[in-house]
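Here is the structure we will look at.
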Amino acid sequence: MPTYINKPPNASNFVQSLRRFGYSFSSALADIIDNSIFAKSSEISITYYPKETWLTILDNGLGMDKDELEQAMELGSGNPSATRDPKDLGRFGCGLKTASFSQSTRLIVLSKKNKNLSGAIWDLDAIQNDYNSWQLGILNSKEIDAYIENYGNIDTNSGTLVIWENIDSIDIEETAGQKSQNHKIKIAKDDISLIFHRFIGKNLNLEFNGETLKPLDPFLEGKSNNTDVQKIEIPNTNSIVYMQGFTLPSPSRMTQEEQRKIELGVGLSQTQGFYIYRNERLITYGGWLGLERYQALTNLSRVKVDVPNSLDDSWQTDIKKTTMSPPPSILNAMKILLQRFHDPSKNIYKRKAHKAVEDSKIWIRSENTIDNQILANYQVDKDSDYYIALKKLVSTNDSKNLETLISKIEEELPYASIFADWADRKIIK
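Note that the numbering used here numbers the sequence shown so that position 362 is 354, with each residue one more than the last.
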């Protein structure tokens, strides 16, 4: 039997690894917001202005006493395999720390419970350069007062203030850096409005630099058509996955603002697909998980998938809470349901296509069956007034050239390109 010795990781080196978990600015903020929501906050306020190297996230949640704060600041403070509260948005007990470390070198947390304030700090520069060990700073009352003076107080009876100092994830020295900072703030507002759209405005008010964020509903509920909610019961567990299909209205029935929001910055073609939620918090969206390819006919099709946190292991929820992958048994069930979710989107485009031919004064559509497959064919209507008038204008010698030109137009009509452009609203008609 081997001899076991305690061999903790080198703190100075490991600090850098902790900063490379791949958080985006938005996903880091979302991880902190998760904690605030689970702490039953009804008000969350984010403050982060261009040119500044600090950020604050203030909530009016339950708050923490000194012991609870020290536990929350511990890396790996939660057991990912343990049974958790069904409303818990966390998993590994690392989010507060790893999300903050990805953006800044100093994490300060002040928390109030029963009107008593506690404070703690992780200073990565000090860990790396001075201590080479995991030295958590416990703040005294004077130090807490100094942070309150700089960043604002917790005015409610309970709540938590998270402070990021020395933010170095964005270059703010250059003019281009300031533009990048402004851009990241705008993107973060949109992302947060989407990720937490099922919370905002219901039991949560979320502000960013004094602006009250509005929920960004990717399904346009109330204006879209939707299927009944479908249940997938997970064998040998008490867990259920819920799925519901939504078919967005035709772009012509949406306002410009609705279209802009619903495209999520990348267009309808890239945002069709599954929207996977964990405890009503959006984790990942877009694409059909390999069950279906992207296609223009399903541009308007989106499927809401609600997954409980009890399935984190089987769905491979990652530490950043930005990806979830259903197991094969669930994929099979999802595939069976997918066709009924797709059909309404396909029908919208098909109805529009048929009406366009019916209204056309020069095109006719016919169908032929080849090898038991129905194939459509489009031809210029040679009985149309336009064709007859043109035919009268050309000489007998040019008539053959006209027929050749018409045949070439029919044969080489770029169907796929035209339809893709029309579905992506690059052709407005």
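Note that CB positions come from ideal geometry on N, CA and C, so glycine has one too.
- prompt: I think Glu141 touches Gly111, with their Cβ atoms under 8 Å apart; what is that distance to the nearest whole Å?
  reply: Translated into positions along the sequence shown, residue 141 becomes position 149. Translated into positions along the sequence shown, residue 111 becomes position 119. Between the beta-carbon of Glu141 and that of Gly111 there is about 13 Å, and that puts the pair past the 8 Å contact cut.
task: Return the chain-ordered list of same chain residues with a C-beta closer than 7 Å to the C-beta of Asn158, the five sequence neighbours on each side being excluded.
output: The sequence position of residue 158 within the sequence shown is 166, counting from 1. Contacts found: Thr45, Ser96, Thr97, Arg98.
- prompt: Terminal residues of the continuous alpha helix (DSSP H) containing Thr396?
  reply: As a first step, residue 396 is located in the sequence shown; it is residue number 404 there, counting from the start. Annotation for Thr396: the continuous alpha helix (DSSP H) segment containing it runs 388 to 403.
task: Measure how close the beta-carbons of Phe191 and Lys296 come, nearest whole angstrom, since I'm counting them as under 8 Å.
output: Within the sequence shown, residue 191 is the residue found at index 199, counting from 1. Within the sequence shown, residue 296 is the residue found at index 304, counting from 1. At roughly 15 Å, the Cβ-Cβ gap does not stay under 8 Å, so Phe191 and Lys296 are not in contact.
task: With DSSP as the reference, label Leu281 as helix, strand or coil.
output: Translated into the one-based positions of the sequence shown, residue 281 becomes position 289. In this structure, Leu281 counts as coil in the three-state DSSP scheme.
task: Give the secondary structure of Tyr370 by DSSP, where H, G and I count as helix, E and B as strand, and everything else as coil.
output: The residue labelled residue 370 in the question sits at position 378 within the sequence shown. Look at Tyr370 here: in three-state DSSP terms it is strand.
message: I'd like to know whether the C-beta atoms of Ser302 and Ser231 end up nearer to each other than 8 Å.
response: On the sequence shown, position 310 is the one that residue 302 refers to. On the sequence shown, position 239 is the one that residue 231 refers to. Yes; because the gap between Cβ atoms is below 8 Å, this pair is in contact.
field: Identity of the residues DSSP links to Trp46 by a beta bridge
entry: Translated into positions along the sequence shown, residue 46 becomes position 54. Paired residue(s): Glu157.
query: Buried or exposed: which applies to His189, given that a residue is buried once 16 or more other Cβ atoms fall within 10 Å of its Cβ?
result: Taking the first residue of the sequence shown as position 1, residue 189 is located at position 197. Label assigned to His189: buried.
message: For Glu213, which residues in the same chain have their Cβ closer than 6 Å to its Cβ, ignoring the five residues on either side in sequence?
response: For this step, residue 213 is matched to residue 221 along the sequence shown. Exclusion of the five residues before and after Glu213 leaves no residue of its chain whose Cβ lies closer than 6 Å to its Cβ.
- request: Starting from the C-beta of Gln308, find all residues in its chain whose C-beta is less than 6 Å away, skip the five residues before and the five after it, and write them out in chain order.
  value: As a position in the sequence shown, residue 308 is number 316, starting the count at 1. Same-chain partners within the cutoff: Ser317.
- prompt: Should Tyr286 go down as buried or exposed, given a rule of 16 or more other Cβ atoms within 10 Å for buried?
  reply: As a first step, residue 286 must be located in the sequence shown, where it is residue number 294. Tyr286 comes out exposed.
- prompt: Cβ atoms of Gly87 and Gly151: under 8 Å apart, would you say?
  reply: Position 159 of the sequence shown holds residue 151. Position 95 of the sequence shown holds residue 87. In this structure, Gly87 does not lie closer than 8 Å to Gly151 by Cβ.
task: Inspect the beta-carbon positions of Thr247 and Asn217 and report whether they are closer than 8 Å.
output: For the purposes of this step, residue 247 is taken as the residue at position 255 of the sequence shown. For the purposes of this step, residue 217 is taken as the residue at position 225 of the sequence shown. A distance of 8 Å or more separates the beta carbons of Thr247 and Asn217.
message: Closest to Glu35 by C-alpha separation, out of Ile254, Asn149, Ala20, would be which residue?
response: Residue mapping note: residue 35 aligns to position 43 of the sequence shown, counting from 1. When each option's Cα is compared against that of Glu35, the closest is Asn149.
query: For the candidate residues Tyr379, Leu109, Tyr143, Ser94, whose alpha-carbon lies nearest to that of Leu116?
result: Within the sequence shown, residue 116 is the residue found at index 124, counting from 1. In terms of CA proximity to Leu116, Ser94 leads the group Tyr379, Leu109, Tyr143, Ser94.
message: Spatial neighbours of Ser19 within its chain, please: C-beta separation below 7 Å, excluding the five flanking residues on both sides.
response: Within the sequence shown, the letter at position 27 stands for residue 19. If we look at Ser19 and ignore the five residues flanking it on each side, its Cβ neighbours are Lys312, Thr314.
Exposed unless 16 or more other CB atoms sit within 10 angstroms - verdict on Met(-7): Reading the sequence shown from its first residue, position 1 is the one you call residue -7. It counts as exposed.
- prompt: What residue from Asn(-2), Ser387, Ser37 has the CA that sits closest to Glu444's CA?
  reply: Outside the shown range of the chain (-7 to 421) lies residue 444, about which nothing can therefore be said.
query: Does the Cβ-Cβ distance between Lys176 and Phe17 come in under 8 Å?
result: Taking the first residue of the sequence shown as 1, we reach residue 176 at position 184. Taking the first residue of the sequence shown as 1, we reach residue 17 at position 25. Contact flag set, yes.
field: Separation of Asp182 from Arg294, as counted between CA atoms
entry: Here residue 294 corresponds to residue number 302 of the sequence shown, with the count starting at 1. Here residue 182 corresponds to residue number 190 of the sequence shown, with the count starting at 1. When rounded, the distance between both Cα atoms is 19 Å.
message: Can you tell me whether Ser33 is helix, strand or coil according to DSSP?
response: For the purposes of this step, residue 33 is taken as residue 41 along the sequence shown, with counting starting at 1. Looking at Ser33 - three-state DSSP - the assignment turns out to be coil, as it is neither helix nor strand.
query: Can you give the Cα-Cα distance for Ile356 and Gln371, rounded to whole angstroms?
result: Here residue 356 is taken as the residue at index 364 of the sequence shown, counted from 1. Here residue 371 is taken as the residue at index 379 of the sequence shown, counted from 1. Between Ile356 and Gln371, the alpha-carbon positions lie close to 5 Å from each other.
query: In three-state terms, what does DSSP make of Asn217?
result: In the sequence shown, residue 217 corresponds to position 225, counting from 1. DSSP places Asn217 in strand when its eight states are reduced to three.
message: What residue range does the alpha helix (DSSP H) around Glu62 cover?
response: For the purposes of this step, residue 62 is identified with residue 70 of the sequence shown, where counting begins at 1. 58 to 64 is the span of the alpha helix (DSSP H), which, as asked, contains Glu62.
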